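For reference, the structure discussed in these notes is given below.
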Amino acid sequence: MTSPISPFSARHIGPSAIDQRAMLAAIGLPSIETLISQAVPKSIRLNRALDLPAQASEAEALAELSGIMSRNKVLKSFLGQGYHGTLVPPVIQRNLFENPAWYTAYTPYQAEISQGRLEMLFHFQTLVTELTGLPIASASLLDEATAVAEAVGIAYRHHREKRSRVVLAGALHPQVLDVARTRAETLGISIEEGAVEAETAALIVPWPDTFGVYHDHAETIRQAKEADAIVIFVADPLALTLTEPPAALGAEIAVGSMQRFGVPMGFGGPHAAYCAVSDRLTRLMPGRLVGQSVDTKGRPAYRLALQTREQHIRREKATSNICTAQALLANMAAAYAIWHGPEGLQAVASHAHSLADRLAEGLKTGGLEVIGRRRFDTVLVDANGKAASVAAKAEEKGLFLRVVEGGRIGITFDETSTEADLEMIASLFGATVPAKAESTLPGKQRDKSFMTQPVFHENRSETEMMRFLRRLSDKDLALDRAMIPLGSCTMKLNAAAEMMPVSWPSVANLHPFAPEAHTKGYRA
């Protein structure tokens, strides 16, 4: 029996019966049914009542959803493939992610009422330029897969659509390659492994590849430069806190996922992606660009720049068709970087890297073949024909390992990985791990001279961070203050009862490639 207390619809549908009558009177109609009959063609109207259950209260709806999602079985994931465990700082979860001042705001095209979000997105862009070494970054894109597709589009447009061959320098994550190829095929673009030729539009360099291995691409990049092919790095941003920036290695575009910067896996999304480019590609890049200027009183002010790239101005000739583009998640990633600062990010990265190197050393000492000399957070090991059984034993112990073709297993570490996890994984192979191992990062290691901007050093205590987030939200107009003066699909109530489940562990902490038996709630 549905409770009459706090019915879901009454709390979520804004106009009351009095409001509805006033609006109908203003347009001279007697009822909503009359309005619908005049507005919706009879040929597409449904001529029967919907077969729906009785409405539920908020509490009942949440209880039902909780029951569904409890069917998910969340184990600790070492599956990698672009999705990683991460620790959301509570100060960010409470004061940004779960704060309606941040999550109900509209896309910041109206700068006067969006200064807080624009400032945070500007910090996101600054973070990305610092990590990649490239001068221009947008804020942001949808995910890593579509970001790679957009990067291919930039290269295609740069060559005035006269070059349609893109070369892969290594193995992308399978889902990333599938999406990029699907997008490219519609334009007649091929994405394949092979040699760089005179008519190659772009070279895609996975950094590292889907198996966690860094390869030496220096000669291939040199050939791409000679052919004026655009070099695209698909780079893990956390790894970039320890390694040389892609720009120093020849990249003109760098893209990747910001998920591991404090955004839960969420069974695959949503997550923000980053995209950074060289100066000559700026007008071809997609996504919002936030610029810093001054207002009429000389105070710092932010606005969206180069909007002539976008669909609301250039229509079908636009080079950017991205609007909302995960702004909340980009803001979370920026806040995560501000909270940790460069030293904290390097500590998180070093933790994952050290665990990977120690496991690799232990496995090699135990007589197993570890593939690849250079790595960041992932170990690829030949399991001697026992990959399936090792993965099954790991699952029994509460761990997901990645089974790779050819009888190999991939193990990816992250900031949630522990010493106990490391020892348990090693024991599955009959190995022990050393206390230390030599670093296997590629090339030169990054020094401390990055992310030197004050914002990445000023907000290290909870009080400072809480006040920083409040100051920014006070510069915005969102639904927690008033109606938003722009019409859009986002001009609606993101109700607390609808947002709360996003933070539940059964919703937030599941890897998208977890076995189907563990994801029954999502699949229900």
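Residue numbering for the sequence shown follows this note's numbering, beginning at 73 and increasing consecutively.
Note that beta-carbon positions come from the ideal geometry of N, C-alpha and C, so glycine has one too.
Because the structure is a prediction, the values reported are computed rather than measured.
Range of the contiguous beta strand (DSSP E) that encloses residue i
{"i": "Ile483", "result": "Arg480 to Thr484"}
{"i": "Glu170", "result": "No beta strand (DSSP E) holds Glu170; DSSP gives it neither H nor E."}
{"i": "Thr450", "result": "Thr450 to Asp454"}
{"i": "Lys148", "result": "Lys148 to Phe150"}
CB contact flag (residue i, residue j, <7 Å)
{"i": "Leu199", "j": "Ala211", "result": "no"}
{"i": "Lys148", "j": "Gly470", "result": "yes"}
{"i": "Ile164", "j": "Ala407", "result": "yes"}
{"i": "Leu452", "j": "Phe585", "result": "no"}
{"i": "Pro414", "j": "Phe540", "result": "no"}
{"i": "Gly434", "j": "Thr504", "result": "yes"}
{"i": "Ala217", "j": "Val239", "result": "no"}
{"i": "Leu159", "j": "Phe472", "result": "no"}
{"i": "Ala173", "j": "Ala550", "result": "yes"}
{"i": "Thr490", "j": "Arg447", "result": "no"}
{"i": "Ile140", "j": "Gly593", "result": "yes"}
{"i": "Arg189", "j": "Asp486", "result": "no"}
{"i": "Asn581", "j": "Tyr175", "result": "no"}
{"i": "Arg229", "j": "Leu400", "result": "no"}
{"i": "Met538", "j": "Asn531", "result": "no"}
{"i": "Gly479", "j": "Gly457", "result": "yes"}
{"i": "Leu23", "j": "Val476", "result": "Because the chain spans 73 through 596 in this model, residue 23 falls outside it and cannot be assessed."}
{"i": "Ala256", "j": "Val224", "result": "yes"}
{"i": "Leu376", "j": "Arg360", "result": "yes"}
{"i": "Cys347", "j": "Leu213", "result": "yes"}
Identity of the residues DSSP links to residue i by a beta bridge
{"i": "Tyr374", "result": "Gln364"}
{"i": "Ala307", "result": "Trp279"}
{"i": "Ser329", "result": "Ala345"}
{"i": "Ala296", "result": "DSSP lists no partner for Ala296."}
{"i": "Ile263", "result": "Val238"}
{"i": "Val476", "result": "Arg480"}
{"i": "Thr315", "result": "Gln517"}
{"i": "Asp548", "result": "Ser186"}
{"i": "Ala274", "result": "Val238 and Ile302"}
{"i": "Arg446", "result": "Tyr286"}
{"i": "Asn531", "result": "DSSP output for Asn531 lists no bridge partner at all."}
{"i": "Ser129", "result": "Pro79"}
Cα-Cα separation, residue i to residue j
{"i": "His156", "j": "Ala428", "result": "14 Å"}
{"i": "Ala568", "j": "Tyr374", "result": "29 Å"}
{"i": "Glu570", "j": "Glu130", "result": "9 Å"}
{"i": "Thr450", "j": "Glu136", "result": "38 Å"}
{"i": "Glu510", "j": "Arg445", "result": "11 Å"}
{"i": "Pro207", "j": "Glu265", "result": "29 Å"}
{"i": "Leu417", "j": "Gly515", "result": "19 Å"}
{"i": "Arg294", "j": "Ile226", "result": "20 Å"}
{"i": "Ala252", "j": "Glu222", "result": "8 Å"}
{"i": "Ile325", "j": "Gln110", "result": "51 Å"}
{"i": "Leu275", "j": "Ala323", "result": "9 Å"}
{"i": "Pro161", "j": "Arg553", "result": "26 Å"}
{"i": "Gly242", "j": "Ala405", "result": "27 Å"}
{"i": "Val442", "j": "Asp454", "result": "6 Å"}
{"i": "Gly363", "j": "Ala94", "result": "43 Å"}
{"i": "Asp215", "j": "Thr106", "result": "43 Å"}
{"i": "Thr254", "j": "Pro102", "result": "50 Å"}
{"i": "Glu588", "j": "Leu494", "result": "25 Å"}
{"i": "Ala82", "j": "Ala126", "result": "14 Å"}
{"i": "Leu168", "j": "Pro573", "result": "16 Å"}
{"i": "Glu316", "j": "Lys520", "result": "12 Å"}
{"i": "Ala219", "j": "Ile481", "result": "27 Å"}
{"i": "Pro280", "j": "Ala319", "result": "15 Å"}
{"i": "Ala98", "j": "Ile556", "result": "22 Å"}
{"i": "Thr179", "j": "Lys508", "result": "47 Å"}
Any chain D beta carbon closer than 7 Å to residue i
{"i": "Glu298", "result": "Protein chains in the displayed structure number just one, and chain D is not present."}
beta-carbon residue i near the ligand ATP non-hydrogen atom, thresh 6 Å
{"i": "Ala567", "result": "This structure lacks the ligand ATP, and indeed carries no ligand of any kind."}
Segment limits, alpha helix (DSSP H) that includes residue i
{"i": "Val579", "result": "Pro577 to Ala580"}
{"i": "Lys465", "result": "Ala459 to Glu468"}
{"i": "Asp250", "result": "Pro246 to Glu257"}
{"i": "Phe339", "result": "Premise fails: Phe339 is in no alpha helix (DSSP H) and is neither H nor E."}
{"i": "Lys592", "result": "Lys592 to Arg595"}
{"i": "Ser511", "result": "Taken as a continuous stretch (DSSP letters only), Ser511 belongs to no alpha helix (DSSP H), as it is neither H nor E."}
{"i": "Gln418", "result": "Ala399 to Thr437"}
{"i": "Asp351", "result": "Note, Asp351: premise wrong, no alpha helix (DSSP H); not H, not E."}
{"i": "Ile90", "result": "Ala89 to Ile99"}
{"i": "Met496", "result": "Glu491 to Leu500"}
{"i": "Gly284", "result": "Element bounds for Gly284: n/a, residue is neither H nor E."}
{"i": "Glu105", "result": "Ile104 to Ala111"}
- Message: Within 8 Å, do at least three Cβ pairs link the segment 369-388 to the segment 227-241?
- Response: no
- Query: Counting Cβ pairs, one atom from each stretch, are 3 or more of them under 8 Å apart for the segment 295-313 and the segment 327-347?
  - Reply: yes
- Flag this pair as touching only if the segment 339-347 and the segment 421-438 have three or more C-beta atom pairs under 8 Å; answer yes or no. no
- With a cut-off of 8 Å, do at least 3 Cβ pairs link the segment 253-270 to the segment 282-289? no
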